[in-house]
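*Asks:* Residue numbers (my numbering): 1 to 103.
#1: Can you find at least 3 beta carbon pairs, one from the region 71–85 and one from the region 34–47, that sit closer than 8 Å?
#2: So, with DSSP's three-state summary, where would you put residue 59?
#3: How is residue 94 classed by DSSP in three states: helix, strand or coil?
#4: My parser needs the alpha helix (DSSP H) runs of 4 or more residues fully inside the region 4–28; what are they?
#5: Tell me whether the beta-carbon of residue 74 lies closer than 8 Å to the beta-carbon of residue 38.
#6: How would you call residue 71, buried or exposed, if buried means at least 16 neighbouring beta carbons within 10 angstroms?
#7: Do you know whose CA, among 6, 24, 17, lies nearest residue 86's CA?
#8: My assumption, with CB atoms under 8 Å, is that residue 92 sits in contact with residue 27. Please give the rounded CB distance.
Shown next, in the form of structure tokens:
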């Protein structure tokens with residue numbers, strides 16, 4: 001998925017899913033490197049958001065409210081994916097490892 005060619009919420013969901021899976025895979029190998037993956041999702045989100053912002057609805061207030069809600073919902077799309085990734089990483093850490101770090 002190339003960020004600049006992304007269209008729709010599905011593109012953000014797809015990018016978020018891929019990024020969260022890769023973050024977890026790297027973490028299982030002891031590599032903490034989420035920044036490039038989070039940045040990629042941000043770029044996809046920006047591309048989709050820009051497209052949405054360039055097409056505001058007519059002057060109908062109800063339509064504008066639905067449009068504003070969709071813009072806000074789009075911004076929150078990656079959250080469950082990253083929450084799942086962080087939860088998965090946390091489940092993979094044993095209490096003894098944490099105790100060893102603080103001794």
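Built from N, CA and C at the ideal position, the CB exists for glycine as well.
*Replies:* In brief:
#1: Two segments are said to touch when three or more pairs of C-beta atoms, one from each, lie closer than 8 Å; by this definition the region 71–85 touches the region 34–47.
#2: Reduced to three states, the DSSP call for residue 59 is coil.
#3: Coil, per DSSP.
#4: Qualifying alpha helix (DSSP H) stretches, in chain order: 9–28.
#5: Taking 8 Å as the Cβ cut-off, residue 74 and residue 38 do not qualify as a contacting pair.
#6: So residue 71 counts as exposed.
#7: The candidate whose alpha carbon is nearest that of residue 86 is 24.
#8: Between residue 27 and residue 92 the Cβ distance is about 7 Å, and since that is below 8 Å, they are a contact.
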